[in-house]
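Chains as they are written, first to last, in this note's numbering: chain A, 2 to 255; chain B, 2 to 255; chain C, 430 to 724; chain D, 430 to 724. C-beta atoms are modelled at their ideal positions from N, C-alpha and C, and glycine is treated no differently. Remember, it's a predicted structure, so these values are computed and weren't measured experimentally. Heads up: the structure comes next, in structure tokens.
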Amino acid sequence: MDDNLPVPVSILRVKKETSLIHTFVVDRSFAFSPGQFVMVWVPGVDEIPMALSSENTITVQKAGDATSAMFNLGKGDKLGIRGPFGNGFAKGEKLLAIAGGVGAAPLLPLARADCVMTLLLGARTENELLFVDQLDECTDVLIATDDGSLGLHGFVTSLMDDLNLGIYDRIAVCGPEMMMRAVLARVEEKGIAHKTEFSLHRYMKCGLGVCGSCCIDPSGLRVCRDGPVFSGDLLLKSEFGHYMRDASGRKKPL
Amino acid sequence: MDDNLPVPVSILRVKKETSLIHTFVVDRSFAFSPGQFVMVWVPGVDEIPMALSSENTITVQKAGDATSAMFNLGKGDKLGIRGPFGNGFAKGEKLLAIAGGVGAAPLLPLARADCVMTLLLGARTENELLFVDQLDECTDVLIATDDGSLGLHGFVTSLMDDLNLGIYDRIAVCGPEMMMRAVLARVEEKGIAHKTEFSLHRYMKCGLGVCGSCCIDPSGLRVCRDGPVFSGDLLLKSEFGHYMRDASGRKKPL
Amino acid sequence: MVQLRLGPVTVGGVVLDNHLLLAAGILGTTGSSLARMLSLGAGGVVTKSIGPHPKDGHAGPCLVVLEDGLLNAMGLPNPSKEFADEITSLAKKPVIASIFGGDPAEFALVASWFKDRVAGFELNLSCPHAEGYGAAIGTDPALVKSCTHAVSVTGVPTWVKLTPNVTDITEIGKAAEAGGASALVAINTLKAMRISTGMRRPVLGNRYGGLSGSAMFPVAVRCVYELYESCNIPIIGCGGIATADNVIEMMMAGASAVEIGSAVYNEVKVFEIIKADLYRKEGLPSTEIIGCAHG
Amino acid sequence: MVQLRLGPVTVGGVVLDNHLLLAAGILGTTGSSLARMLSLGAGGVVTKSIGPHPKDGHAGPCLVVLEDGLLNAMGLPNPSKEFADEITSLAKKPVIASIFGGDPAEFALVASWFKDRVAGFELNLSCPHAEGYGAAIGTDPALVKSCTHAVSVTGVPTWVKLTPNVTDITEIGKAAEAGGASALVAINTLKAMRISTGMRRPVLGNRYGGLSGSAMFPVAVRCVYELYESCNIPIIGCGGIATADNVIEMMMAGASAVEIGSAVYNEVKVFEIIKADLYRKEGLPSTEIIGCAHG
Ligand SMILES: Cc1cc2nc3c(=O)[nH]c(=O)nc-3n(C[C@H](O)[C@H](O)[C@H](O)COP(=O)(O)OP(=O)(O)OC[C@H]3O[C@@H](n4cnc5c(N)ncnc54)[C@H](O)[C@@H]3O)c2cc1C
Ligand SMILES: Cc1cc2nc3c(=O)[nH]c(=O)nc-3n(C[C@H](O)[C@H](O)[C@H](O)COP(=O)(O)OP(=O)(O)OC[C@H]3O[C@@H](n4cnc5c(N)ncnc54)[C@H](O)[C@@H]3O)c2cc1C
Ligand SMILES: Cc1cc2nc3c(=O)[nH]c(=O)nc-3n(C[C@H](O)[C@H](O)[C@H](O)COP(=O)(O)O)c2cc1C
Ligand SMILES: Cc1cc2nc3c(=O)[nH]c(=O)nc-3n(C[C@H](O)[C@H](O)[C@H](O)COP(=O)(O)O)c2cc1C
Ligand code: FES
Ligand code: FES
């Protein structure tokens, strides 16, 4: 039989990136495009979507039940993996990447693919910045922290203002939705929303484009299957930045 | 879906070969090897095994319920076809073919495949001889009738005695089981049973090698899947020529 | 292949754009995704099943892909009453609200929220993996009758969706008919399970789930055929339909229309694709095909 | 993949050569073909179901191949009492006689013909397409108990094969246990139908038939899992098993051994192939695997 049941993997190593973000290295590699995600089964707890931060790692921010349960796992513990799923980022020659918090996870493999000229990295404070060293190795990193503990004191959007955005053929963005919405507003002003791509986070049950729990208004597109990466254009007149849905399907404001 | 349900075919024409044997020409061709058979679904009646006498014909002797029902069908009526199934005759360079009655059906395409040097054709009486003209066109036909109305007066086995069997590399046989058993006895005497092949008739329910209704003793081989063509060698110490089984699986003597 | 002429389609009191509906629980959580499926060719859409209280559903994994089907245990996640807002923009469209409850009163309550907004109701008396709901009720003929009655009195067309996980589906079909159902929908998923041998535990968070897709098609055809022999209201066939020929087969078994769910997994444009194969101007009227494999 | 150590295998009172049995009705009509399957690696063989009178079975078509399974309605063809002669050459081999009857007396009669010739009985209380036999009895707990009792009093190990076409299979399993069954076999085929759209009629001569093969595997796993939670006798898993990993999955669900039928269609050497994958010297004892997906 040729079933697509979750693939069991063992954790080889857990790397503590920050106090709230750990990278889990597993014993199996998955061919993927940067921006694609997997459904991670934490046995006995839940199954949650996670970007692949490399072919055999996921980088997880503690957020609730399932992610907290993962923080109690270590070497030898098992996870189930379905995927990779979704579209991933479009190819480009001269990319600008903009990462906020754990949003750096899908952008690291993009940067490693050698097409990102500049990457703007933001976080609340210095020791919450993700992947600074790895990113430094492969691209030109500019940093902003909300508290000014490293880099520019302020948001990544301020970093954008210092750049000549015209030299990039595409802009790839992943981070907290408020931050992404701010980026979208900025690129809209500059008339380059069509050059931008945003990786969305939505509540997902199936990851397969069937159940409908991740659909966005008003297009009805599925974040898990038609996304998670959407063009800024498409997101302009959408729910993006305004609300999302919880597990029951009820709207909740951002 | 890629199901193997019976393929519906329409009867284009019915050719009356003899009073008890009709050939049904259908509107669809099946790629097959000579000796392979199909399961023929006579709607509302039954499904029965029939050799393909060409890629779009079956040649049917009236025997009981299903075959009689077929004799009431004509142009435009529908049948369902599953198959072709089974192994068919082995390839050879210089073949002798021996046909009795409707057993000529699977041997006609063999003769047409241009490898049969000589064909022995037997029947009870002249007007029950099958395919005389078609066979004459493609091979050297020798005839025997039980009543002497055409050809040799006697059995096809007598025709064998007049031939130098040593010049044939294989011998393919199909006909009533008593006649085939007589042929087998003759070739055994001559020490050439291993060069002969017999196409067996057994009661078949599935034609797929699953139900077991066509298995022969003592090998347990399935006529529908491991056969219907078996080497004379294998049949020597077998039920062949002695008994077969009915629909319920009870043995009945020949 | 048999092809149909597309004329006006009215089934169980509901006017549809064609014979193909989106099945309950497939891309049916938001008004936008229902609208998208209508624009992609569905002749009608059934919403996600809505119940008396908001539910988050079961813990994951909720859905896995098998070689020839899907296995799911969503756990009836739904926004409950708030869902009414989702479908306001779809007024006048062929939208069927799938609803569930634990007793006739709950069914009546949920129906009251939607009765002026939808073309019909579909009662989920069949989900095989929701404690106290779905098949927990749908296997008891008396409860099926009373729940159906509680909704059919609204006067809105009331379809009842049946579970195959019973000894005799015709008994349940007759109970729905007696309760005033305007049509039967057959069938919901087969109760099933897969185990991850690597993890040594059932693969679904809820352990038990429902099998849908091609694997179940022969069971669905059988159920429709049985119901056609024993009930007198229209039947909507559901379960494993993926091609136009599958649609014809369901109709020959006795279905007046069909619902399609899992096939959306392989191709979100499945409705357009099937329509292109199913209909042509010189096709047969559906009346000549529906139930023609009987007798 | 999980692999097992092959030690002595005794299940429900029957000593087997390994954990893999040939399922009833598959190449089980003659002693020769049963002997062939034993020589091809089956750890035990179940005969074609034998009843009180010879039967020719249903008119054809009797078996069709689907994309992911088989659909059959053989109609229990069998030679009845004469079958005893078929298996004389198989004395001392792990041969289980599958038997059926219309009531306890018929079961007792058929059992009396074979009780000194076989390692065990399997009661067919589950064939979904034989009027008055099989599932016609196997859906009624009281009849299941009395028929089981009629055979178990012989003292020969008595396995009872269950139908999935019931609302609650555990109720039937408990009835068999109460009747003295030494093991449960789960499951027989799913009641199903396919229609030939070209012929406009059901494809099987008997119209209704049973679905077997991969398509039903998730339903079979579910049934074994449910029975393991509610009964206390060993379970033999059956339905859609085609690979060593399927065997492990059934065992994790609670099966002590398995039966394999339809997979013979793709490969008559399926037992040898699965054995090669399933067993190795350093493998786990089966006790560590059986039922490990529970709790
Ligand atoms: C395509 C995709 C890729 C993702 N990649 C990553 C990644 O690489 N690393 C990472 O740490 N996280 C990632 N996430 C987010 C991650 O899936 C959620 O953090 C996780 O599901 C939370 O599960 P939980 O059980 O721990 O929290 P829960 O108990 O479910 O929720 C805790 C809190 O988080 C909120 N929340 C839950 N899910 C989401 C969501 N999808 N988006 C926003 N808020 C949510 C809840 O509303 C609640 O407030 C990704 C999400 C998507 C859709
Ligand atoms: C591989 C194979 C190829 C065949 N090819 C041809 C063919 O090309 N042309 C043709 O006319 N027939 C052929 N037959 C025989 C044909 O299948 C039977 O004649 C037919 O099944 C009889 O069906 P019925 O319902 O008409 O007769 P029934 O009512 O089933 O039986 C009528 C009588 O025929 C006997 N009979 C039934 N089936 C067989 C059988 N398989 N062998 C011997 N006797 C049987 C019965 O015992 C009974 O006496 C073939 C059989 C096999 C196994
Ligand atoms: C992910 C998923 C969710 C479902 N949710 C519901 C539901 O909420 N209510 C319902 O009645 N049926 C639900 N079903 C069952 C389907 O509506 C349908 O009956 C079943 O899937 C068989 O059809 P299919 O093979 O075309 O998918 C769901 C099925 C799937 C796969
Ligand atoms: C052609 C065929 C004949 C069968 N005959 C019987 C039978 O006589 N008695 C019985 O108990 N089960 C019978 N079965 C059911 C099988 O024993 C088995 O329960 C079912 O096929 C599921 O297993 P599988 O998927 O491995 O085939 C038959 C199945 C098939 C396909
Ligand atoms: S998560 Fe189910 S459709 Fe996207
Ligand atoms: S006819 Fe069924 S095995 Fe040959």
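By Cβ distance, which residues of its chain are closer than 6 Å to residue i, with the 5 residues on each side in sequence left out?
i      : result
B:E18  : T24, L131
A:L108 : A98, A100, C175
Taking residue i as the reference, which of the options has the closest Cα?
i      : options                        : result
A:R203 : A:T197, A:M71, A:P177          : A:P177
B:G155 : B:V133, B:E127, B:D170, B:V174 : B:E127
B:Y169 : B:K79, B:V10, B:P35, B:A194    : B:A194
A:I22  : A:D28, A:T68, A:I49, A:P35     : A:T68
D:V595 : D:S575, D:I566, D:P508         : D:I566
C:H487 : A:K253, A:P219, A:S249         : A:S249
C:K590 : C:A615, C:A579, C:S581, C:A705 : C:A615
D:K698 : D:A453, D:R465, D:G436, D:V444 : D:R465
C:P593 : C:L613, C:S555, C:T626         : C:S555
C:I664 : C:G442, C:K710, C:I455         : C:G442
C:G480 : C:V648, C:C576, C:P506, C:E701 : C:P506
Flag residue i as yes if its beta-carbon sits less than 9 Å from any beta-carbon of chain A, otherwise no.
i      : result
C:I455 : yes
C:Y694 : yes
C:P437 : no
C:V494 : yes
C:R434 : no
Apart from the five residues just before and just after residue i, which ones in its own chain have a Cβ nearer than 8 Å to its Cβ?
i      : result
A:V26  : I12, L13, R14, V15, K16, N57, T58
B:L153 : L143, I144, A145, T146, S159, L160
A:E189 : G233, L237
D:G498 : L640, S641, G642, S643, A644, M645, G669, S691
C:T573 : Reading the sequence as shown, one finds Val at residue 573 of chain C and not Thr. Cβ neighbours of C:V573 beyond the five flanking positions: L554, I566, G567, V589, I601, A604, A605, G608.
C:V438 : V444, L445, D446, N447, H448, G472, A686, S715
Taking Cβ positions only, does residue i come closer than 9 Å to chain C?
i      : result
A:L6   : yes
A:E94  : no
A:W42  : yes
D:V589 : no
A:S249 : yes
D:V648 : yes
D:V431 : yes
So, helix, strand or coil for residue i, using DSSP?
i      : result
A:G81  : strand
A:M2   : Bear in mind that a pLDDT of 38 at A:M2, under 50, signals an unreliable position, so the model cannot answer this.
D:N501 : strand
D:S461 : helix
A:L154 : The question names Leu, but residue 154 of chain A is His in the sequence shown. In the structure shown, A:H154 sits in a strand (DSSP, three-state: E or B).
A:L109 : helix
C:T587 : strand
B:M118 : strand
D:I702 : helix
From the beta carbon of residue i, is the nearest beta carbon of chain D less than 9 Å away?
i      : result
B:R14  : no
B:I59  : no
B:K238 : no
Beta-carbon of residue i versus every beta-carbon of chain B: anything under 9 Å?
i      : result
D:A526 : no
Leaving out the 5 sequence neighbours to the left and right, which residues in its chain are closer than 7 Å to residue i when beta-carbon positions are compared?
i      : result
B:V117 : L96, A98, L111, T140
A:M2   : Because the pLDDT of A:M2 is 38, which lies under 50, any placement of that residue in the model is unreliable, and the number read from its coordinates should be weighed accordingly. Here the set comprises nothing.
Does any CB atom of chain F fall closer than 9 Å to the CB of residue i?
i      : result
A:V224 : Here chain F cannot be found, since the structure's protein chains are A, B, C and D.
Any alpha helix (DSSP H) of 4 or more consecutive residues that is wholly inside the segment 37-94 of chain A: 66-72
As an exercise, report each continuous beta strand (DSSP E) stretch of at least 3 residues that is fully enclosed by the segment 590-619 of chain C, in chain order. 612-615
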